[in-house]
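Structure record follows, encoded as structure tokens.
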Amino acid sequence: MKYLLTHTDRVLDLFLEHLSMTALSLCISLLLAIPIGIAITKYKRLYVPVTGLFGILYTIPSLALFALLIPVTGLGPETAIIGLIAYSQMILVRNVAAAIRGIDPLIIEAAKGMGMSKAQIVFRIEIPLAVPVVVAGIRVAAVSIISIATVAAWINAGGLGTLIFEGLYRTHTDKIVAGTIAIAVLAIGTDLLFRAIERLLSPNMS
Amino acid sequence: MKKRTLLSMMLVAATAFALSACGSSDSANGGGGKKEPVVVGSKNNTENVLQGEMYAQVLEANGVPVERKLNLGGTMVTFEAIKSGQVDMYPEYTGTGILAILKRPVEKDQQKVLEINKEGFKQWNIEWLDPAPLNSTYGFAMKRDLADKLGIETLTDLARHAKDLVLSYPQEFDVREDGLPGLQKAFADKGGFTFKKQFQIDYSIRYKPLLQGESDVTVSVGTDGDIAGHNLKLIKDDIGFFPVYNVAPIIRKEKLDMYPEIKEPLNKLSSLLTDEVMQKLNWEVDGPEKKEPEEVAREFLKQHELVK
Amino acid sequence: MLQDLQAYFATNASVFFTNAVQHVVLSLTSIVLAMLICVPLGVFISRKARIADAVINAVNVCRVVPSLAVLALAMPLLGVGFLPALLALTVLACPPILINTYTAFKEMDPLIREAAKGMGMSPMQTIVQVEFPLALPVIVAGVRTASVEIIASASLAVLIGGGGLGNYIMNGIAMFNVTFLMLGAVPIALLAIVSEVGFSLLLKRVTMYTS
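If you read the sequences in order, they're chains V, S and L. Each residue of the first sequence is one higher than the last, beginning at 60 in our numbering. Each residue of the second sequence is one higher than the last, beginning at 333 in our numbering. Each residue of the third sequence is one higher than the last, beginning at 13 in our numbering.
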């Protein structure tokens, strides 16, 4: 615990580095996952191959995936971010697809009956109904890539993993503990934040 | 409606935050004042971090702006970084230069080794400054009682007993020509050099398995404080297998031309770094005191009036 | 690249197999240990509503601790080598198995238990002969999740002397050598995929069997 108190600035810096690395990965990932998720629900033949591919990607150990990316993208945060995007795709794409599939077709029929246009249905019915499920997916993805990003310190991407590696290198238990606590705080905080957003969105939207 | 606006605001804020985090680090690289900084790197081991920290502090004392990228990784990672210009200088060993980077055969003459390195690194516009007298050569260390019981003094003795012993080694050693593969070749006609069991341990904690009794032999480095610190026995290299590893600052030519005044104090620093000095400094970081490398470097440089 | 591999295998084929076997042994043993601990524990807490919440919350908090941190913490506490790595991996394997076992038993229709009681079964008989087979698909799903995580985390065991295929990944990264990277990364990825496919087949079997 001592390190956390004596080197608060450094822990905070690494905390922000960790946060920005995972936040950026998540944003890019979401921008990819939404169109992919929509595409595989509209073109059902794509669903199995696409989710299968991401499923396989997800099973590759993070250290191995980062290692495999090094010859292509080098060392540093870029490689880490690509890896984190690849991991979060599986969770996000499945959730986007599930969110859209989960919308009761009767509601769409009713909206049509009320004379809504296609655009109105998408923006006023489908998106508001799908958002809570997608947010749940974002939450799970965020928590898991916060954890995976720890290993990214090994390929010079920085973040809180740096503390754990340094602690391991020099048998500095305090540093390991400080890093672990900071990661847990970040992960639990993220989880709670997204749960709050889910709650905000989930009751009927009127 | 309200809630959706709130959500989109949150998303925008998150994206902006993430982007600004990236943007700020870019601007720090690009517009760091009028004088271009020298990026000092190092591999991720105590000794090199200490040396990198010393180089950085000496440069700063001479009014040269410095950016630190210490603790980068293994040999090739750090070398790739200087080759591509991500770092401008880092401490490298002469033996590693000719064997691992230039892939030349082992050469015993220290002066010749330096010549080969200077010549070989010209293709990347990287210069070698004066090497330090210290020799961070690979070697093997054992607990005294076991080594004495088996009568192991030299590599030849170790080769004879290897099949009954467990070896722990840091990453790289099992695949480097100046490590296990080279030894296996050197002893190919003399009964080989194969251990009962061998396992890797992270470089930084390479003495732990030996001290804990998980292994009988560990790979050591000449300047390790641990050998004296734990009263271990260093195995003598009786066949002259291991090359000499003198450490020297290697630096991109363009940066040396930009700041020629750093050459002299860096050379003076190197002349001070002997085996004994480095063992002591390494032990201050790795031993029970657990000092930060930055602090150990500053104390040493102050003591020798290289910084104020 | 192939030449490098040939050169390595010419003298070190047995070392590679030792590392591969060690990777499998580490993963498999930690999963089995975690099952031995967590399946009974999960059943137990599913009957004790009062402590269940506390346990599950604690496990959920532990779950966010990255595997690297657990392995790193094992070193100062337990030392280096195979055993500390094995114990760290066992800790990592526990949460998904415990949570799934708990959920499966907790969500079981109370009528089933009543029916078993009515047939004169003892509580133990009910658990083993009735509830356990019904809970099996959910438990297997937990073991599946744990297995993929553990096969991945076992690549970090080498940091604390635990052996395994991480040996080559560490060498590959340190030396910037793609050959060695692949020698570690490809078999680990294959192990993970084999485990996924194996469990999804097993899951189909046990689901068919229960329904």
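For glycine and all other residues, C-beta sits at the position ideal for the given N, C-alpha and C. Because the structure is a prediction, the values reported are computed rather than measured.
- Taking a Cβ-Cβ threshold of 7 Å, the residues of chain L close to F531(S) are G173, G175, in chain order.
- Each of E208(L), A197(L), M131(L), G175(L) was checked against the Cα of L95(L), and the nearest Cα belongs to G175(L).
- Within the same chain, G557, G561 come within 7 Å of W615(S) by CB-CB distance, once the 5 residues on both sides are set aside.
- Proximity of chain V to D556(S) at the Cβ level (cut-off 8 Å) is not reached, the minimal Cβ distance being about 14 Å.
- Membership of M386(S) in the alpha helix (DSSP H) is indicated by the continuous run 378-393.
- Going by C-alpha positions, T407(S) is about 19 Å away from T138(V).
- Residues of chain V whose Cβ lies closer than 8 Å to the Cβ of M87(L) are, in chain order, L227, T230.
- Across the structure, A100(L) and V82(L) are spaced so that their CA atoms are roughly 6 Å apart.
- In the three-state DSSP reduction, K565(S) falls in the strand class (E or B).
- Interface flag for S374(S) against chain V is unset, since no Cβ pair is found closer than 8 Å.
- For A473(S), the enclosing beta strand (DSSP E) covers residues 470-475.
- Its Cα nearest to that of A204(L), the residue L177(L) stands out among L177(L), R217(L), A128(L), T219(L).
- Chain-ordered, the chain S residues with CB closer than 8 Å to the CB of N215(V) read L404, G405, V409.
- Using a Cβ-Cβ cut-off of 9 Å, L64(V) is close to nothing in chain S; its nearest Cβ partner there is about 16 Å away.
- Contact between the segment 142-160 of chain V and the segment 225-242 of chain V is absent, with fewer than three C-beta pairs closer than 8 Å.
- Not a single CB atom of chain V sits nearer than 8 Å to the CB of K415(S).
- Taken in chain order, the complete alpha helix (DSSP H) segments of 4 or more residues contained in the segment 604-637 of chain S are 607-618, 625-635.
- Within chain V, the residues whose beta carbon sits less than 8 Å from that of D534(S) are L227, Y228, listed in sequence order.
- K585(S) and V206(L) have their alpha carbons spaced roughly 51 Å apart.
- Secondary structure note for R400(S): its beta strand (DSSP E) is the uninterrupted segment 398-401.
- The C-alpha of E626(S) lies about 22 Å from the C-alpha of I414(S).
- Y146(V) counts as buried, since at least 16 other C-beta atoms from the protein chains shown sit within 10 angstroms of its C-beta.
- Among the residues of chain L, those whose CB is under 7 Å from the CB of A246(V) are V76, following chain order.
- Annotation: the continuous beta strand (DSSP E) that includes L499(S) extends over 498-501.
- The C-beta distance from K375(S) to G405(S) rounds to 7 Å, short enough to fall under 8 Å.
- When C-alpha distances from I93(V) are compared across T232(V), I197(V), A169(V), the shortest belongs to I197(V).
- In this structure, P463(S) lies near T426(S), with their beta-carbon atoms less than 8 Å apart.
- Contact holds between the segment 246-261 of chain V and the segment 184-196 of chain V, because three or more Cβ pairs, one in each stretch, are under 8 Å apart.
- Taking C-beta atoms as the reference points, Q179(V) and S88(V) fail to come closer than 8 Å.
- The distance from the Cβ of T81(V) to that of A201(V) is about 7 Å, consistent with a contact at the 8 Å cut-off.
- Counting C-beta atoms within 10 angstroms of its own C-beta, H77(V) has 16 or more neighbours from the protein chains shown and is therefore classed as buried.
- Listed in chain order, the beta strand (DSSP E) runs fully inside the segment 542-598 of chain S are 549-553, 564-566, 579-584, counting runs of at least 3 residues.
- For V639(S), the CB contacts under 6 Å within the same chain, skipping 5 residues up- and downstream, are Q389, A393, L633 in chain order.
- Spanning the alpha carbons of L105(V) and G96(V) requires a straight line of approximately 10 Å.
- Rounded to the nearest whole angstrom, the CA to CA distance from Y114(L) to M120(L) is 10 Å.
- In the DSSP assignment, K517(S) falls within the unbroken alpha helix (DSSP H) covering 512-518.
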